[in-house]
Amino acid sequence: MVNEASLEAGLDQGSEGVRAVIGERLSRLSAAALALAQAGAVLGQGLEFRRLRAVADLGEDTALQGYEELLRAGLLREVEGRRDAFLSHDRVRETLRDALSGPGACCFTSARWMP
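In the numbering used here, the protein residues as written are 421 to 535.
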């Protein structure tokens with residue numbers, strides 16, 4: 421789960437402190453979980469597993485492991501009774517999107533418009 425003390429310390433330092441705390445959390449993720457989180461940042465809210473997996477270009481088993489890792493880390497939340505999930509906070513999404521650059525960014529961005 422998200423370490424509340426670290427997050428509060430980051431808030432005391434302003435937006436750069438929050439970004440640092442989020443960046444530190446993201447740096448601990450596996451490659452699969454990070455790819456799913458980046459895909460989620462581009463796709464926005466209401467994230468369906470099949471779309472996340474397609475945009476992240478991961479096999480089903482690998483994507484499922486990454487998805488579960490994001491849930492355990494508190495970076496992704498599911499809503500009971502719905503088939504989609506949400507990144508835990510707008511700042512998480514912003515930090516992930518801001519970190520995307522170069523050729524990979526255009527691939528993720530164009531995926532946002534996938535049916």
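Beta carbons are placed, not taken as given, at the ideal position from N, Cα and C, and that holds for glycine.
Keep in mind it's a predicted model, so treat the numbers as computed, not measured.
{"Check": "Buried versus exposed, by CB contacts within 10 Å (16 or more), Arg502", "Outcome": "exposed"}
{"Check": "Among Leu484, Ala493, Glu488, Gly464, nearest to Arg448 - alpha-carbon criterion", "Outcome": "Ala493"}
{"Check": "Reference Ala455; option with closest CA among Gly437, Gln465, Glu489", "Outcome": "Glu489"}
{"Check": "Whole-Å CB distance - Ala453 paired with Gly486, under 8 Å assumed", "Outcome": "4 Å"}
{"Check": "Rounded separation between Val512 and Ala461 - CA only", "Outcome": "8 Å"}
{"Check": "Proximity below 9 Å, CB of Leu491 to CB of Ala457", "Outcome": "no"}
{"Check": "Within 9 Å, strictly: CB atoms of Asp504 and Leu467", "Outcome": "yes"}
{"Check": "Host beta strand (DSSP E) of Glu551 (start-end)", "Outcome": "The question about residue 551 has no answer here: the residues shown for the chain are numbered 421 through 535."}
{"Check": "Pair within 9 Å by beta-carbon distance, Gly437 and Thr515", "Outcome": "no"}
{"Check": "7 Å CB neighbourhood of Arg439 in its chain, flanking five on each side removed", "Outcome": "Thr515"}
{"Check": "For Glu468: DSSP bridge partner residues", "Outcome": "Asp504"}
{"Check": "DSSP-derived helix/strand/coil call for Ala461", "Outcome": "helix"}
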